[in-house]
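Residue numbers (the UniProt record's numbering): 1 to 278. I have placed the structure first, in the form of structure tokens, so that the comments after it can refer back to it.
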């Protein structure tokens with residue numbers, strides 16, 4: 001996406017809502033950062049700040065997040081009271097659009113669930129979002145003091161829409177990953193849930209929680225259900241022995257297969273076959 005030339009410069013606007021350094025600040029604007037010296041280390045904001053990375057690359061760090069890569073489309077939140085660093089990759093063409101407002105307002109909105117407490121969100125970058133950045137700065141620069149309240153609502157809407165967009169992107173990615181996981185779990189090799197999580201690059205407990213949320217059962221149970229349903233179909237074919245079916249469905253032996261089959265369907269594989277083929 002080509003960035004309009006009018007945005008490729010430092011351009012900021014500032015208002016004051018009160019004398020409080022924590023709650024009176026209100027500002028936005030574009031910032032260009034080209035040098036390693038533009039990195040900000042061990043920074044603590046008393047107020048709230050957030051910026052959309054429009055171009056360039058770098059890294060976010062805090063005590064709970066040793067390293068989060070930053071790329072265009074990231075929205076970095078400088079959360080009140082959180083010591084953090086934003087590192088600029090020199091020569092990457094860093095351009096950001098930032099918004100700042102009071103601590104109490106951010107905390108109230110976060111408590112209500114309208115704002116996120118995650119330090120880095122991923123809303124993506126579009127021409128529409130870039131246009132919103134330019135429009136918000138223009139409003140700041142042109143509006144009289146009597147319209148500051150309206151500006152504040154515009155800034156609030158800007159951040160809320162980024163949070164909502166980030167949730168949509170994250171949920172979409174999660175659904176895609178879980179669909180891939182379900183397909184993998186039901187492949188003929190029947191990899192373990194732990195191996196499937198590793199394939200996705202996820203911690204097992206995180207994977208298990210997200211899979212259960214998507215499919216209403218843990219990955220191990222989902223896979224077992226598929227294995228037994230597949231076994232049930234093969235039992236309808238008299239050419240395959242029960243031991244062979246147990247092997248194909250990755251059971252250790254016919255006894256383990258029979259036990260699992262009975263637990264799900266209430267009768268043994270041999271009994272099911274005899275009833276079906278009768």
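Where is the CB? At the ideal position from N, CA and C, for every residue including glycine. Because the structure is a prediction, the values reported are computed rather than measured.
Residues sharing a beta bridge with residue i, DSSP
{"i": "residue 53", "result": "96"}
{"i": "residue 14", "result": "27"}
{"i": "residue 59", "result": "69 and 87"}
{"i": "residue 48", "result": "101"}
Delimiting residues of the beta strand (DSSP E) encompassing residue i
{"i": "residue 25", "result": "25 to 33"}
Min CB distance residue i to chain C below 7 Å
{"i": "residue 196", "result": "Protein chains in the displayed structure number just one, and chain C is not present."}
Residue i - DSSP class collapsed to helix/strand/coil
{"i": "residue 66", "result": "strand"}
{"i": "residue 248", "result": "helix"}
{"i": "residue 216", "result": "coil"}
{"i": "residue 266", "result": "coil"}
{"i": "residue 202", "result": "coil"}
{"i": "residue 279", "result": "With the chain represented from 1 up to 278, any question about residue 279 goes unanswered, as that position is not in the structure."}
{"i": "residue 178", "result": "helix"}
{"i": "residue 19", "result": "coil"}
{"i": "residue 242", "result": "helix"}
{"i": "residue 191", "result": "coil"}
{"i": "residue 1", "result": "coil"}
{"i": "residue 236", "result": "coil"}
Distance between beta carbons of residue j and residue i, contact taken as under 8 Å
{"i": "residue 103", "j": "residue 80", "result": "4 Å"}
{"i": "residue 223", "j": "residue 185", "result": "4 Å"}
{"i": "residue 88", "j": "residue 155", "result": "Actually they do not touch by this definition, with Cβ atoms about 24 Å apart."}
{"i": "residue 238", "j": "residue 277", "result": "6 Å"}
{"i": "residue 119", "j": "residue 65", "result": "6 Å"}
{"i": "residue 69", "j": "residue 59", "result": "6 Å"}
{"i": "residue 54", "j": "residue 137", "result": "Not really, about 13 Å apart at Cβ, beyond 8 Å."}
{"i": "residue 95", "j": "residue 3", "result": "7 Å"}
{"i": "residue 227", "j": "residue 250", "result": "7 Å"}
{"i": "residue 181", "j": "residue 200", "result": "6 Å"}
{"i": "residue 30", "j": "residue 97", "result": "5 Å"}
{"i": "residue 50", "j": "residue 77", "result": "5 Å"}
{"i": "residue 190", "j": "residue 159", "result": "Not really, about 45 Å apart at Cβ, beyond 8 Å."}
{"i": "residue 43", "j": "residue 5", "result": "Not confirmed; about 30 Å, so no contact."}
{"i": "residue 140", "j": "residue 15", "result": "7 Å"}
{"i": "residue 8", "j": "residue 32", "result": "7 Å"}
{"i": "residue 13", "j": "residue 28", "result": "6 Å"}
Residue span of the alpha helix (DSSP H) that contains residue i, given as start and end
{"i": "residue 41", "result": "Per DSSP, residue 41 belongs to no alpha helix (DSSP H); it is in the beta strand (DSSP E), 40 to 43."}
{"i": "residue 7", "result": "Premise fails: residue 7 is in no alpha helix (DSSP H) and is neither H nor E."}
Original post:
Can you give, in chain order, each stretch of the alpha helix (DSSP H) that sits fully within the stretch 68 to 154 and has at least 4 residues?
Top reply: 103 to 111 and 127 to 142
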